[in-house]
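*Asks:* The structure is given below, and queries will be raised subsequently.
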Amino acid sequence: MNINTTYPYFEKQTPRKMCEAIDEIGDALGMKLARRPWNRFKSTMSSWWLVPSHKQPHHKFGKYFFAWGGEECDTIVGGFYVEKGLDKALRVVYPSKRGGNLIMRDDWAWNRISQEMDSGNLEVFLKDLAAQLPYNLEFHIDGGYVDDPGLYDPHASNLENDYYVLEMDKETGKIKIPKAKRRGMQLKALNKATDLKKFIQTLQSFSEDQFLWLNLMIALRFNAPFESKIPEDAEVWNGRKIWETFLRHFKRWIK
Numbered sequence: 003m004n005i006n007t008t009y010p011y012f013e014k015q016t017p018r019k020m021c022e023a024i025d026e027i028g029d030a031l032g033m034k035l036a037r038r039p040w041n042r043f044k045s046t047m048s049s050w051w052l053v054p055s056h057k058q059p060h061h062k063f064g065k066y067f068f069a070w071g072g073e074e075c076d077t078i079v080g081g082f083y084v085e086k087g088l089d090k091a092l093r094v095v096y097p098s099k100r101g102g103n104l105i106m107r108d109d110w111a112w113n114r115i116s117q118e119m120d121s122g123n124l125e126v127f128l129k130d131l132a133a134q135l136p137y138n139l140e141f142h143i144d145g146g147y148v149d150d151p152g153l154y155d156p157h158a159s160n161l162e163n164d165y166y167v168l169e170m171d172k173e174t175g176k177i178k179i180p181k182a183k184r185r186g187m188q189l190k191a192l193n194k195a196t197d198l199k200k201f202i203q204t205l206q207s208f209s210e211d212q213f214l215w216l217n218l219m220i221a222l223r224f225n226a227p228f229e230s231k232i233p234e235d236a237e238v239w240n241g242r243k244i245w246e247t248f249l250r251h252f253k254r255w256i257k
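With the working numbering, the residue at position 175 of the sequence shown is 177, and numbering never jumps.
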């Protein structure tokens, strides 16, 4: 097998196992986290969240997320995950209980991230983090407009959301787009996000859109060829390595 040195390997090879490994570390650190599968009927192969609350829905929380990096199930992405909901000015337009769950309130994590963008702190944080990491950062963004809040599920697989993966070169700071599904064209402004500053400016413009739902993940990618052996001379990370090198930096936003 040829070794892909673009990413390290994860020792246990599924998003669920990565979630469990990080949860054990969080528990030892006194973090009260709840495991939540994206698909509870296929939990073994599902994506998983680690949420700082047992409350449902968990849209408002900053959280960790672990998912397959593609349909081939040969990589895993793990990182920090935050959701932008609908503006609270729209509550009168969406009076149903389910619609109300999609309305952002003051305690949503997105508001804190938005403040970090406006102050310039997020750009500084990400630049410093990227400089410390041995591999490139990725940004996973998907989102779209809510037509019927009574039926809307921001994580349903049949939504016509746009989905972008952006990768930032740790040496040059330049951003490329290795993957994009431009279904609704609501996020097409990301096509011009060629560096970190422009990327954050684009997120700020999305934040001003009252009707736009947005999911943002800041991630690292790991080789994890399902049902295949890890090469003997590959670089292998366990949960502790992932935490210490990467995920611990987001702890302040996991609430």
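Backbone N, C-alpha and C fix where the C-beta goes; we use that ideal spot for every residue, glycine too. Keep in mind that this is a model prediction, so the values were computed, not measured.
Whole alpha helix (DSSP H) runs in the segment 175–237 with 4 or more residues, listed along the chain?
*Replies:* 198–209
*Asks:* Please classify Asp164 as buried or exposed, where buried requires at least 16 neighbouring CB atoms within 10 angstroms.
*Replies:* buried
*Asks:* So the candidates are Tyr166, Ser48, Cys21 and Gly81; which of them puts its Cα closest to the Cα of Met187?
*Replies:* Tyr166
*Asks:* Taking just the CA atoms, how far does Met106 sit from Tyr96?
*Replies:* 12 angstroms
*Asks:* What residue range is occupied by the uninterrupted beta strand (DSSP E) comprising Lys65?
*Replies:* Lys65 to Trp70
*Asks:* Applying the criterion that 16 or more other CB atoms from any shown protein chain within 10 Å of the CB defines a buried residue, is Asp144 buried or exposed?
*Replies:* Burial call: buried.
*Asks:* Compute the Euclidean distance between the alpha carbons of Arg93 and Gln117, then round it to the nearest angstrom.
*Replies:* 22 angstroms
*Asks:* Would DSSP call Met170 helix, strand or coil?
*Replies:* strand
*Asks:* With distances taken between CB atoms, is the gap from Leu31 to Leu52 smaller than 9 angstroms?
*Replies:* no
*Asks:* Any contact of the segment 129–144 with the segment 208–222, i.e. 3+ C-beta pairs under 8 angstroms?
*Replies:* yes
*Asks:* Please list the terminal residues of the continuous alpha helix (DSSP H) segment that includes Leu52.
*Replies:* It is not in any alpha helix (DSSP H) - Leu52 instead sits in the beta strand (DSSP E) that spans Trp50 to Val53.
*Asks:* How do the segment 202–214 and the segment 45–61 stand: do at least 3 beta-carbon pairs fall below 8 angstroms, yes or no?
*Replies:* Judged by Cβ distances under 8 angstroms, the segment 202–214 makes no contact with the segment 45–61, as fewer than three pairs qualify.
*Asks:* Please work out which residues of its chain come closer than 7 angstroms, Cβ to Cβ, to Asp171, disregarding the five sequence neighbours upstream and downstream, and give them in chain order.
*Replies:* In its chain, beyond the 5 residues on either side, Asn138 have a beta carbon closer than 7 angstroms to the beta carbon of Asp171.
*Asks:* What separation, rounded to the nearest whole angstrom, lies between the Cα atoms of Ile244 and Lys194?
*Replies:* For Ile244 and Lys194, the distance between alpha carbons rounds to 31 angstroms.
*Asks:* Using CA coordinates, which residue listed in Phe63, Gly81, Gly146 and Leu128 is at the minimum distance from Ala111?
*Replies:* Phe63
*Asks:* Report back the beta-carbon spacing between Asn225 and Thr77 to the nearest angstrom; my notes put them in contact at under 8 angstroms.
*Replies:* 6 angstroms
*Asks:* If you drop the 5 nearest sequence neighbours on each side, which residues of the same chain put their C-beta closer than 8 angstroms to that of Pro54?
*Replies:* These residues qualify, in order along the chain: Met33, Lys34, Leu35, Ala36, Phe63, Gly64, Lys65, Ile256 and Lys257.
*Asks:* Using three-state DSSP, classify His251 as helix, strand or coil.
*Replies:* helix
*Asks:* Give me, in chain order, the residues of the same chain whose beta-carbon lies closer than 8 angstroms to that of Asn113; leave out the 5 immediate sequence neighbours on both sides.
*Replies:* Met106
*Asks:* My output table needs one value for Glu73: the three-state DSSP class, helix, strand or coil.
*Replies:* DSSP places Glu73 in coil when its eight states are reduced to three.
*Asks:* Between Ser159 and Leu104, what straight-line distance do the alpha-carbon atoms span, to the nearest angstrom?
*Replies:* Confidence at Ser159 is low in this model, with a pLDDT of 48, below 50, so the placement of that residue is unreliable and no value is reported for it.
*Asks:* Does the Cβ of Ala91 have 16 or more other Cβ atoms within 10 Å, making it buried, or fewer, making it exposed?
*Replies:* exposed
*Asks:* Let's test the definition: count the other Cβ atoms within 10 Å of the Cβ of Leu135 and tell me whether it reaches 16, buried, or not, exposed.
*Replies:* By the neighbour-count criterion, in which 16 or more other beta carbons inside 10 Å mark a residue as buried, Leu135 falls on the exposed side.
*Asks:* Whole angstroms are fine: how far does the CA of Val79 sit from the CA of Met20?
*Replies:* 10 angstroms
*Asks:* With DSSP as the reference, label Trp110 as helix, strand or coil.
*Replies:* coil
*Asks:* Starting from the Cα of Phe67, find the closest Cα among Thr174, Val148, Trp40 and Ile232 and give me that residue.
*Replies:* Trp40
*Asks:* Give the straight-line distance between the Cα atoms of Gln15 and Arg250, rounded to the nearest whole angstrom.
*Replies:* 21 angstroms
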